[in-house]
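Here is the structure we will look at, set down as structure tokens.
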Amino acid sequence: MRLSVLTLLIAGLTATAAAHASVVTAEAGGFQVKSTLTINSTPDKVYEALSNIGQWWNLAHSYSGKAANLSLQTRAGGCFCEKLADGGSVQHMVVIYADPNHELRLNGALGPLQTEAATGVLILSLKAQGNATELTEIYSVGGWTKGGWVSWASPVDAVLLDQITRLKNYVETGKPTK
């Protein structure tokens, strides 16, 4: 997966405007992005769908080009991993906190951030809103990259918004896209 920052930005711009996404901060040493959207389902159904990541993750943001090769074990120490051809694999992130139906935290550098001296924490928080769920995604990244992290923040924010929008669609319709 050799995606440029521009490619990430373009892909993310196709995400729905129904969600609220923002770059919280972007500095030379790191950035934080945040998105919030409402999913018309209960937190238990949304949390369950998280573990079916191969059903909703955008294959354009995979190394194998096949979303079905992705898996996510929603338990501490669980792997957000991907199978590659010829027995290869990728560890995208590791679950560091799992509170079913409430919050999932993962540690790791996604996609092209893996080629940098980066680490990140992704928090997915679920909050019941009647028969719906408010999903808040926060990704904090720090470390070293040539030129700093400022230019990375918006494209990463857009890609993550695309992913959680696909999750929303999957939970609500059974398909990641409308």
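Under mature numbering (1 follows the signal peptide of the UniProt record, and there is no 0), the residues of the sequence shown are numbered -21 to -1, 1 to 157, in order. Just so it is clear, CB atoms sit at the ideal spot from N, CA and C, and this is done for glycine as well. All figures in this text were calculated on a predicted structure; none of them were measured in a lab.
Thinking C-beta only, is Ala107 closer than 8 Å to Thr17?
no
Roughly how many angstroms lie between the CA atoms of Gly8 and Cys60, to the nearest whole one?
Roughly 27 Å separates the two Cα atoms.
Grab the span of the alpha helix (DSSP H) containing Tyr26 for me, first residue to last.
Pro22 to Leu29
For residue 174, does the count of other Cβ atoms within 10 angstroms reach 16, so buried, or fall short, so exposed?
Lying before the first or after the last residue shown, residue 174 is absent from the chain, which here runs from -21 to 157.
State yes or no: is the beta carbon of Gly8 nearer than 8 Å to at least one beta carbon in chain E?
In the structure shown, chain E does not exist; there is a single protein chain.
What residue ranges within the segment 72 to 141 form continuous beta strand (DSSP E) runs of no fewer than 3 residues, ordered along the chain?
82 to 86, 96 to 108 and 111 to 123
With DSSP collapsed to three states, give me the class of Gly57.
coil
Can you tell me whether Leu38 is helix, strand or coil according to DSSP?
Leu38: helix per DSSP, three-state reduction.
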